[in-house]
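Heads up: the structure comes next, in structure tokens.
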């Protein structure tokens, strides 16, 4: 069963997201992340992205 591990998107550059997590609970490389947000027009947005790299300081 999937574990809920909540992170925070801290930077977006083109198609690349930097997401911060508790350093003790970083998701593994190639894991899928579900990103949920409210769109600018009031609609909900859900993206599924993949962890490609651990970049340090609790970020992927």
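Residue numbers (the working numbering): 21 to 80.
Note that CB positions come from ideal geometry on N, CA and C, so glycine has one too.
For this session: Would you kindly report the start and end of the unbroken beta strand (DSSP E) that includes residue 37?
Result: Residues 36-40.
Problem set entry | residue 59 versus residue 65 - alpha carbon distance | Rounded to the nearest angstrom, the two C-alpha atoms are 6 Å apart.
Problem set entry | Cβ shell of residue 67 (< 7 Å), same chain only, five flanking positions each side left out | The answer, listed in chain order, is 55.
For this session: Since I believe residue 46 is in contact with residue 78 (beta carbons under 8 Å), could you give me their beta-carbon distance rounded to a whole number of angstroms?
Result: For residue 78 against residue 46, the beta-carbon gap comes to about 7 Å, under 8 Å, which counts as contact.
Exercise. Who are the near neighbours of residue 49 in its chain, counting only those whose CB is closer than 6 Å to its CB and skipping five residues on each side?
Worked result: Scanning its chain for C-beta atoms nearer than 6 Å, with the 5 sequence neighbours on each side dropped, one finds around residue 49 the residues 71, in chain order.
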